[in-house]
Amino acid sequence: MPTFSRTALLAVAGAAALTLVAACGSDGTSGTASPSSAAASGGPALVAAGSNTLGPIVTDADSNTLYRFDKDPANPPPRTAPVPAHTTWPPVPAAEHIRAQGVDSALIGSVTRTDGTKPLTLGGWPLYRYASDAKPGDTKGQGVGCTWFGSTPTGKKAPAATPAASAAQSGSGY
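Taken in order, the sequence shown gives residues -22 to -1, 1 to 152; the numbers are from mature numbering (1 follows the signal peptide of the UniProt record, and there is no 0).
Okay, here's the thing in structure tokens:
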């Protein structure tokens, strides 16, 4: 077989393999990595996912975007962490065992708040869901009040979306 044909065949085979891997790691609708293995085993999970508007972010096992609040201190001391509104921004509850998919488990922790809740933390930052995110993949909480941001897999805040990305975000979010 000539070198050119062999190289072309290998390239096509590689592209086909990547397509199969991508198809297995995507939910087919949102463009995010599928947390199917995390969801299948039950219990809470942190999943590294990709957002078309925000880049790498963290979701729960159901692909709901998780956020951090800039007015929370990183690594808040036990029993003194501020308590934001729980109906709009419910904290992600901590559990004894948290599964991490694409997230360094050494960055996962918790803090006990004055109201007795024990939210999950990532990189020292308490994590929240946003009540206005109507479906998995929504990122409507990004930049709310200039204090709420999607969390990255390292616990940092996701960068502010560009105006073009913000316009696209008003649709599916991913």
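Beta carbons: idealized from backbone N, C-alpha and C, even for Gly.
Assigned exposure category for residue 110 - 16 Cβ within 10 Å defines buried: Within the sequence shown, residue 110 is the residue found at index 132, counting from 1. Exposed, because fewer than 16 other Cβ atoms sit within 10 Å of the Cβ of residue 110.
Round the Cβ separation of residue 38 and residue 103 to the nearest angstrom and send it over; I've been treating them as touching at under 8 Å. Within the sequence shown, numbered from 1, the residue matching residue 38 stands at position 60. Within the sequence shown, numbered from 1, the residue matching residue 103 stands at position 125. Contact doesn't hold; Cβ gap of about 15 Å is too wide.
Rounded to whole angstroms, what's the CA-CA distance from residue 22 to residue 47? Just pull it up for me. For this step, residue 22 is matched to residue 44 along the sequence shown. For this step, residue 47 is matched to residue 69 along the sequence shown. When rounded, the separation of the alpha-carbon atoms in residue 22 and residue 47 is 20 Å.
Residue 70 to residue 78, Cα distance in whole Å? The residue you call residue 70 lines up with position 92 of the sequence shown. The residue you call residue 78 lines up with position 100 of the sequence shown. Between residue 70 and residue 78, the C-alpha separation is close to 14 Å.
I'd like the span of the beta strand (DSSP E) that includes residue 33, first residue to last. In the sequence shown, the residue the question calls residue 33 occupies position 55. It spans 33 to 37 - the beta strand (DSSP E) in which residue 33 sits, taken as one unbroken run.
If you compare alpha carbons, which of 44, 40 and 31 is closest to residue 132? Taking the first residue of the sequence shown as 1, we reach residue 132 at position 154. If we check each option's Cα against that of residue 132, 44 comes out closest.
Provide the residue span of the beta strand (DSSP E) that contains residue 126, from first to last. Position 148 of the sequence shown, counting from 1, holds the residue named residue 126. Residue range 126 to 128 is occupied by the beta strand (DSSP E) that includes residue 126.
Assign residue 84 to one of three DSSP states: helix, strand, or coil. As a first step, residue 84 is located in the sequence shown; it is residue number 106 there, counting from the start. Here residue 84 carries a helix assignment [DSSP, helix/strand/coil].
Under the three-state reduction of DSSP, which class applies to residue 89: helix, strand or coil? Along the sequence shown, one-based indexing puts residue 89 at 111. Assignment of residue 89 by DSSP, reduced to helix, strand and coil, places it in the coil class.
Residue 40 CB to nearest chain C CB: under 7 Å? Absent here is chain C; the protein component of the structure consists of one chain.
Between the Cα of residue 75 and the Cα atoms of 54, 98 and 55, which residue gives the shortest distance? Numbered from 1 along the sequence shown, position 97 holds the residue referred to as residue 75. Selected option, being the one with the closest Cα: 98.
Run through the DSSP bridge pairs and tell me what residue 79 is partnered with. As a position in the sequence shown, residue 79 is number 101, starting the count at 1. According to DSSP, residue 79 bridges with 25.
For residue 135: DSSP bridge partner residues: Within the sequence shown, numbered from 1, the residue matching residue 135 stands at position 157. In DSSP, residue 135 forms a bridge with 129.
Per-residue DSSP class, three states only, for residue 11: Here residue 11 refers to the residue found at position 33 of the sequence shown. Model confidence at residue 11 stands at a pLDDT of 36, short of 50, so the residue's coordinates are unreliable; what they give is reported in the following sentence. Strand at residue 11.
Residue 100, enclosing beta strand (DSSP E) - first and last residue: On the sequence shown, position 122 is the one that residue 100 refers to. If you look at residue 100, you'll find it in the beta strand (DSSP E) that goes 98 to 100.
So, for residue 96: in the same chain, excluding its five sequence neighbours on each side, which residues have a beta-carbon less than 8 Å away from its beta-carbon? In the sequence shown, residue 96 corresponds to position 118, counting from 1. Counting only Cβ-Cβ distances below 8 Å, and skipping sequence neighbours, we find 71, 72, 88, 89 and 90.
Report whether the distance from the Cβ of residue 79 to the nearest heavy atom of the ligand PLP is below 6 Å. Questions concerning the ligand PLP fall outside what the structure shown contains, since it holds no ligand whatsoever.
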